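Read through the structure below, which is laid out as structure tokens, and then see the notes.
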Amino acid sequence: MAQARVPLVDYLCLEPEPHLVAQECRHCGARFFDRRNACARCGRSDFAPAEVDSNGELRAFTIVHRAAPGIPVPFVSAIVNTDDGTWVRSNLINCDPTPEAVTLGMRVRLTTYPVGTDDDGTEAVAFGYEPT
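The numbering used here numbers the first residue of the sequence shown as 321 and each following residue consecutively.
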């Protein structure tokens, strides 16, 4: 029997292939990952789910050297512009967290990784982006 898996955030879908789903304003096309009562761009309140492309480009990053207790440092906090134009805040993973290894404009893709397992054996899964 396969181990049960749950996404760490509501907008991460694990099946059939891991991908993100944003809420897209039906009026202006702005996309958001958090729940919204109204669009921050146009003020309308009609949204529809929209699958987000899993490939993109690193547009901004910082290498974090101080974090809350229990969070390993350094790590790369990033902003990715996906190939469909959606902006995603995430961590860059599977990459050396140094200025020599991380460059603006580098191609990245969505990936998932386990972050913990509960007492019943259900695995919590998070997402990040990795260089291609």
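Beta carbons are placed, not taken as given, at the ideal position from N, Cα and C, and that holds for glycine. None of the values given here were measured: they were computed from a predicted structure.
Given 8 Å, three or more beta-carbon pairs between the stretch 357-375 and the stretch 421-430 | yes
Distance, Cα to Cα, V393 vs P417?
-> 9 Å
What span of residues does the beta strand (DSSP E) with H339 cover, start to end?
-> 339-345
Cβ-Cβ distance between E377 and V400 below 9 Å = yes
Length of the line joining the Cα atoms of R361 and D439 = 43 Å
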